[in-house]
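*Asks:*
Chains as they are written, first to last, in the numbering used here: chain V, 8 to 118; chain Y, 15 to 126.
The following block contains the structure:
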């Protein structure tokens, strides 16, 4: 089955700097890669996703890149703000079924 | 409010107790999921229901028993749990094949 590795486990950045979180997946048949943000005590919420027919997707300060050959995808947050502090999870699946999640990255944005 | 409601939000139970977690959705989704979230571990998929039929049991011990009586409700029945089962149990819903999951707030379970 699918296995998703996520790095780093914790990330501290200064407000205004960029943050990058990386994930690798094992199943070449996976074609859907979402990112979820979970604030302390809250539910995970989708922030951006990408499908295997595109290499990059951007939504304001957030972008995701996908390298199908290398089987890795990354989340990029620019101009970080304190409210970006949360746990971020990457995930992978085939056709949106049975998402397999990474272990999560705790992002701390220091002001 | 994402339309997925879980009760209770917190539950403390002994190893010999029987309790149930409830999930209710008002989004019209056909797929419902139970995930387990433990500290420093990935979200673990436990069960998947599509159109009220269980389509996935991810090697979950029999002390966890899911039930999906209709497309709006999902239960997780708990019996003779172990302390290591203490975790946040998240219900999620979505449309099969579209990908996005909508999570509930979770039920924080503590097994003494």
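From the three backbone atoms N, C-alpha and C, an ideal C-beta is built for every residue, glycine too.
#1: So which residues on chain V does residue 57 of chain Y lean against when the C-beta distance must stay under 7 Å?
#2: Contact between the stretch 87-103 of chain V and the stretch 28-41 of chain Y: three or more CB pairs below 8 Å?
#3: Which one of V:92, V:93 and V:82 has the shortest CA to CA distance from residue 13 of chain V?
#4: What runs of the beta strand (DSSP E), each 3 residues or longer, lie entirely inside the stretch 25-74 of chain Y?
#5: Under 8 Å, do residue 18 of chain Y and residue 39 of chain Y count as touching if we go by C-beta distance?
#6: Near residue 24 of chain V, which residues of its chain fall below 7 Å by C-beta distance, leaving aside the five closest residues on each side in sequence?
#7: If residue 40 of chain V sits next to residue 18 of chain V, beta carbons under 8 Å apart, how far is it from one beta carbon to the other, in whole angstroms?
#8: For residue 120 of chain Y, which residues in chain A fall below 8 Å Cβ to Cβ?
#9: Starting from residue 56 of chain V, find everything on chain Y with Cβ-Cβ shorter than 9 Å and list it in chain order.
#10: Which residues does DSSP pair with residue 97 of chain V in a beta bridge?
#11: Give me the chain Y residues within the contact set of residue 39 of chain V, using Cβ-Cβ distance strictly less than 7 Å, ordered along the chain.
#12: Determine whether the Cβ of residue 53 of chain V lies closer than 8 Å to any Cβ atom of chain Y.
#13: Mind pulling the chain V residues with CB within less than 8 Å of residue 50 of chain Y?
#14: So with Cβ pairs under 8 Å, would you call residue 70 of chain Y a contact of chain V?
#15: Considering Cα atoms alone, identify which of Y:103, Y:78 and Y:95 is closest to residue 20 of chain Y.
#16: Within a Cβ cutoff of 6 Å, which residues of the same chain sit near residue 56 of chain V, ignoring the five residues on either side of it in sequence?
*Replies:* With the given structure in hand:
#1: Listed along chain V are 96 and 108, each with a C-beta nearer than 7 Å to that of residue 57 of chain Y.
#2: Contact between the stretch 87-103 of chain V and the stretch 28-41 of chain Y is absent, because fewer than three Cβ pairs lie under 8 Å.
#3: Checking every option, the nearest Cα to that of residue 13 of chain V belongs to V:82.
#4: Correct list: 32-39, 45-51, 58-64 and 67-71.
#5: Cβ distance < 8 Å, so residue 18 of chain Y and residue 39 of chain Y count as in contact.
#6: Taking C-beta separations shorter than 7 Å and ignoring five residues to either side along the sequence, the partners of residue 24 of chain V in its chain run 87, following chain order.
#7: That pair is no contact at about 19 Å.
#8: Absent here is chain A; the protein component of the structure consists of chains V and Y.
#9: Going along chain Y in sequence order, the residues near residue 56 of chain V (Cβ under 9 Å) are 113 and 114.
#10: Beta-bridge partners assigned by DSSP to residue 97 of chain V: V:42.
#11: Under a criterion of Cβ atoms nearer than 7 Å, the residues of chain Y adjacent to residue 39 of chain V are, in order, 113.
#12: Residue-level contact by beta carbon holds for residue 53 of chain V and chain Y, with a gap shorter than 8 Å.
#13: Close partners of residue 50 of chain Y in chain V (Cβ separation under 8 Å) are lacking, with about 11 Å as the shortest Cβ gap.
#14: Against chain V, the CB of residue 70 of chain Y has a partner CB under 8 Å away; the residue lies at that interface.
#15: Comparing alpha carbon positions, the residue from Y:103, Y:78 and Y:95 closest to residue 20 of chain Y is Y:103.
#16: 41.
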